[in-house]
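J.: Okay, here's the structure, questions in a sec.
There are 2 protein chains.
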Amino acid sequence: MSGRAGRWRVAVDVMGGDRAPGAPVAGGLEAMRRWPVEILWVGPEAQVAAELRRQVGGSRVPGRIVPASQVIEPGDPPVAALRRKPDSSIVVGIRLVRDGEADAFVSAGSTGALMAAGKLLLGTLPGIARPALAAVLPTLDGRGFLMLDLGASAEADAEQLVHYAVMGVVYAREVLGRPAPRVALLNIGSEAGKGNRLYREAHERLARSGLDFAGNVEARELFAGPADVVVCDGFTGNVALKAMEGVGEACWKLLKAEVARRPLARLAAGLLRPVLRRVRRQLDYGEYGAALFLGLDGLVFKCHGSSDPRAIANGIGAAVRACQGRLLHRIGESIGKEDGEALGRGR
Amino acid sequence: MSGRAGRWRVAVDVMGGDRAPGAPVAGGLEAMRRWPVEILWVGPEAQVAAELRRQVGGSRVPGRIVPASQVIEPGDPPVAALRRKPDSSIVVGIRLVRDGEADAFVSAGSTGALMAAGKLLLGTLPGIARPALAAVLPTLDGRGFLMLDLGASAEADAEQLVHYAVMGVVYAREVLGRPAPRVALLNIGSEAGKGNRLYREAHERLARSGLDFAGNVEARELFAGPADVVVCDGFTGNVALKAMEGVGEACWKLLKAEVARRPLARLAAGLLRPVLRRVRRQLDYGEYGAALFLGLDGLVFKCHGSSDPRAIANGIGAAVRACQGRLLHRIGESIGKEDGEALGRGR
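Going down the list, the protein sequences come from chains A and B. Quick note on our numbering: the first sequence kicks off at 15 and runs consecutively. Quick note on our numbering: the second sequence kicks off at 15 and runs consecutively.
As structure tokens, then:
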């Protein structure tokens, strides 16, 4: 599906995220310098062209603009927004993937709208009942791990959790470059038999599968990087992710408030600022590249809403690696063969 | 059920927690100075007496020692531990509550063992199918809110979530002193209709109840203090709590590592230490008093495993307020009357 001259064609949502259109355009331009990629800029034509000219500093526009006159706002109810805004950048971008005009779509727009449009326009891969939102979360050693489902599907059964594991393993191998990915199950205790019915059954199935299964892992241990892939249902994963974000934010807010109250601390905080910034960045999963809707029959990457150009570029980089690794094809080969050789255990 | 001279009799697990027996003894002594309370010290007689004498500095021991020759370690599998260690401080302490010799039991020992012993020896209140672990979690404004279930029961249905809400409201009113507690439901989106089947049904029931229901709240918003009581099932609550703890710990570890690498930052960190300590304390739910197994037919408070004397004393303080507020009696009055006046809405 590669485009002109062996380049992957990645559609970029120019209107997605808090820093649109500046950050998506800058990120796309950065990606063009780093990877063999052709960008399809999706957004209102005049606005996109103006931003491109402003950043490139010339009159010739790199890549191709695909017009989309509407924008889905973060507050729009996803499903209704798709109906009311059929010419939005999200719908147009995903349609490009569906129609084979783009190899992947990258957006910092509304997760719910991307999810809804993805399900509606692309559908799921054969054998996959529900897609999962997967993202690389940070670990203390900087390696990171893939966690899914972070909230694409509110319900899941044990078979679906096994499918998430399979898809995660393929992603970890083909995109993150982990030769023999280990899988863990998020749970409320490390021993087998812990958790509710769903998690006890998922544990049994994963233990019986051909996957390299590391057993249960508690949310507290995630930062130690207990596995390459951690699976859970979308409700639990979304709560865990938002709990982590909440603590991070609370931590910085309190730190700021406390520092502001003390002159000496204010001086010290100035000296510490680069340290604090680095710590914050290490804990920010947005830095580790985009999230991906695994299980959709098409590549849709979701960058953090506050993505800067580097985060957008990283999202495009992940899309390129997914194309190069023939991710969807490999997932198709592996689903339903959890006990077989297709999972590459020990390869 | 008050003891001698109008004092509440609180049994304290002298062997529970990382800092036993020093912290439980010091915490108990502090509580005796602050509240009308008589302490029953539960643990190996000679060891408890020696620690008491060491801390009091005399030969007369304040309160009464209730001998318990065994200790359940944090790593012991809870249910097996109860069988193998029938004379452990946890079993003896909860038996004191069951037999009416103590009004409450406070322990920094194994949550699982406390839970198992509580269910086995005390059972649940009439109408309550499963108990819930409730704790006051921190908010940015320092008020805090009660969250439950944090992991007492891995399964719950919508009716049980409503019962958690009722018990939480009674606790918030009688123990935390909130005159008209508001309840929120933890969920993955703020609108009604969000979440999985369990949470959609719980939302409907809570909206129909006589409770002051604030709707759904996302884990990310918890630190803003969206309600006095936040309910969820024990699996989700436990994952959320541990995710928050994990980020907190990761945050401090990274900060330390980064600071150690830079001499100037090391100096600044010295100046900032009191600030960092204060922030850490504000985010530490252990500071806000003990967790409680709500729904058991008896008062069992669980302090954090790393509790210092102040945290233990706060746990005893919460026990005293629960006794004074006749918590169990009030819960009994309110269960099954979620649509009635017993909930004190608008009182």
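Note that beta-carbon positions come from the ideal geometry of N, C-alpha and C, so glycine has one too.
Are the stretch 258-274 of chain A and the stretch 229-244 of chain B touching by the rule of at least three beta carbon pairs closer than 8 Å?
T.: At 8 Å Cβ cutoff, the stretches touch.
J.: Which same chain residues, not among the five before or five after proline 240 (chain B), have their C-beta less than 7 Å away from its C-beta?
T.: Correct list, in chain order: Ala198, Ala228 and Val231.
J.: Assign aspartate 113 (chain A) to one of two classes, buried (16 or more other C-beta atoms within 10 Å of its C-beta) or exposed (fewer than that).
T.: Exposed: under 16 other Cβ atoms inside 10 Å.
J.: Taking buried to mean at least 16 other C-beta atoms within 10 Å of its own C-beta, is leucine 273 (chain A) buried or exposed?
T.: Correcting the residue type first, residue 273 (chain A) is valine in the shown sequence and not leucine. Classification of valine 273 (chain A): buried, given that the 10 Å Cβ count is 16 or more.
J.: Of all the alpha helix (DSSP H) runs that stay within the bounds of the stretch 155-204 of chain A, which reach a length of 4 or more residues?
T.: Taking only runs of at least 4 residues, the alpha helix (DSSP H) segments lying wholly in the stretch 155-204 of chain A are 172-188.
J.: Among all the DSSP beta bridges, which residues are the ones paired with valine 314 (chain A)?
T.: In the DSSP output, where bridge partners are listed per residue, valine 314 (chain A) has A:Phe119.
J.: Determine the extent of the alpha helix (DSSP H) in which phenylalanine 249 (chain A) is found, giving its start and end residues.
T.: First-last of the alpha helix (DSSP H) with phenylalanine 249 (chain A): 248-274.
J.: Cβ closer than 7 Å: which chain A residues qualify as neighbours of arginine 211 (chain B)?
T.: Going along chain A in sequence order, the residues near arginine 211 (chain B) (Cβ under 7 Å) are Glu169.
J.: Using the rule of at least 16 other Cβ atoms within 10 Å of the residue's Cβ for burial, across every protein chain shown, is histidine 318 (chain B) buried or exposed?
T.: Classification of histidine 318 (chain B): buried, given that the 10 Å Cβ count is 16 or more.
J.: Report buried or exposed for methionine 15 (chain B), applying the criterion of at least 16 other Cβ atoms within 10 angstroms of its Cβ.
T.: A caution first: methionine 15 (chain B) carries a pLDDT of 47, below 50, which makes its placement in the model unreliable, though a value can still be read off. Flag for methionine 15 (chain B) reads exposed.
J.: How would you list, in chain order, the residues of chain B whose beta-carbon sits under 8 Å from the beta-carbon of threonine 250 (chain A)?
T.: Near threonine 250 (chain A) (Cβ distances below 8 Å), the residues of chain B are Phe249, Thr250 and Val253.
J.: Spatial neighbours of proline 35 (chain A) within its chain, please: C-beta separation below 8 Å, excluding the five flanking residues on both sides.
T.: If we look at proline 35 (chain A) and ignore the five residues flanking it on each side, its Cβ neighbours are Val28, Met29, Gly57, Gln61, Val62 and Glu65.
J.: In terms of residue numbering, what span does the beta strand (DSSP E) encompassing glycine 57 (chain A) cover?
T.: Its beta strand (DSSP E) spans residues 51-57.
J.: Below 7 Å on C-beta distance, what does methionine 233 (chain B) contact in chain A?
T.: In the sequence as presented, methionine is not what sits at residue 233 (chain B); that position holds alanine. Ordered by position in chain A, the residues that pass the 7 Å Cβ test against alanine 233 (chain B) are Val253, Lys256, Ala257 and Gly260.
J.: Alpha carbon to alpha carbon, what distance is there between alanine 332 (chain B) and glycine 350 (chain A)?
T.: So the alpha carbons of these two residues sit roughly 53 Å apart.
J.: Alpha carbon to alpha carbon, how far is threonine 138 (chain B) from leucine 341 (chain B)?
T.: Going by the C-alpha atoms only, they are around 14 Å apart.
J.: Decide yes or no for the touch test of the stretch 197-211 of chain B against the stretch 312-327 of chain B: beta carbon pairs closer than 8 Å, at least 3 of them.
T.: Cβ pair count under 8 Å is below three, so no.
J.: At a CB-CB cut-off below 7 Å, which residues of chain A make contact with lysine 267 (chain B)?
T.: In chain order: Leu154.
J.: Just mark valine 70 (chain A) as buried or exposed, buried being the case when its beta carbon has 16 or more other beta carbons within 10 Å.
T.: Valine 70 (chain A) is exposed by the Cβ-count criterion.
J.: Out of B:Ala254, B:Lys270, B:Gly41 and B:Arg294, which one is the CA nearest neighbour of alanine 156 (chain B)?
T.: The sequence given here places glycine at residue 156 (chain B); alanine does not occur at that position. The option with the nearest alpha carbon to glycine 156 (chain B) is B:Arg294.
J.: Below 8 Å CB to CB, which residues in the same chain sit around serine 103 (chain A) once its five sequence neighbours on both sides are set aside?
T.: The answer, listed in chain order, is Asp27, Val28, Met29, Gly30, Val56, Gly57, Ala82, Gln84, Val85, Ile86, Ser121 and Gly123.
J.: For the pair the stretch 147-166 of chain B and the stretch 243-256 of chain B, tell me if three or more CB-CB distances fall below 8 Å.
T.: Yes, since at least three Cβ pairs between the stretch 147-166 of chain B and the stretch 243-256 of chain B fall closer than 8 Å, the two stretches touch.
J.: Arginine 189 (chain A) to isoleucine 142 (chain A), Cα distance in whole Å?
T.: Going by the sequence as given, residue 189 (chain A) is valine instead of arginine. When rounded, the distance between both Cα atoms is 20 Å.
J.: Whole-angstrom Cβ separation of valine 253 (chain A) and serine 223 (chain A), contact assumed at under 8 Å?
T.: With 8 Å as the limit, valine 253 (chain A) and serine 223 (chain A) do not qualify as a contact, their Cβ atoms being about 26 Å apart.
J.: Under three-state DSSP, which class holds asparagine 210 (chain A)?
T.: If DSSP states are grouped into helix, strand and coil, asparagine 210 (chain A) belongs with coil.
J.: Please report how far the alpha carbon of glycine 346 (chain A) lies from the alpha carbon of leucine 308 (chain A), in whole angstroms.
T.: Each residue's Cα considered, the two are about 11 Å apart.
J.: Going along the chain, which residues of its own chain have a beta-carbon closer than 6 Å to the beta-carbon of glutamate 115 (chain B), five neighbours each way excluded?
T.: Same-chain partners within the cutoff: there are none.
J.: Count the C-beta pairs between the stretch 281-288 of chain A and the stretch 274-293 of chain B that are closer than 8 Å, then say yes if the count reaches three, no if not.
T.: In short, these stretches touch, since the Cβ pair count reaches three.
J.: Going along the chain, which residues of its own chain have a beta-carbon closer than 7 Å to the beta-carbon of glycine 20 (chain B), five neighbours each way excluded?
T.: Correct list, in chain order: Pro50.
J.: Secondary structure at alanine 148 (chain B), three-state DSSP: helix, strand or coil?
T.: If DSSP states are grouped into helix, strand and coil, alanine 148 (chain B) belongs with the strands.
J.: Is DSSP giving proline 81 (chain A) helix, strand or coil here?
T.: It is a strand residue.
J.: Between proline 140 (chain A) and glycine 132 (chain A), is the Cβ-Cβ spacing less than 9 Å?
T.: For proline 140 (chain A) and glycine 132 (chain A), no; Cβs fall outside 9 Å.
J.: So which residues on chain A does valine 273 (chain B) lean against when the C-beta distance must stay under 9 Å?
T.: Those within 9 Å of valine 273 (chain B) in chain A are Leu286 and Val289.
J.: According to DSSP, is threonine 153 (chain A) helix, strand or coil?
T.: Correct three-state label for threonine 153 (chain A): coil.
J.: Output the distance between the C-alpha atoms of glutamate 259 (chain A) and valine 150 (chain B), rounded to the nearest integer angstrom.
T.: Near 20 Å, if we compare the C-alpha coordinates of valine 150 (chain B) and glutamate 259 (chain A).
J.: Taking buried to mean at least 16 other C-beta atoms within 10 Å of its own C-beta, is aspartate 101 (chain B) buried or exposed?
T.: Counting Cβ neighbours within 10 Å, aspartate 101 (chain B) comes out exposed, since fewer than 16 surround it.
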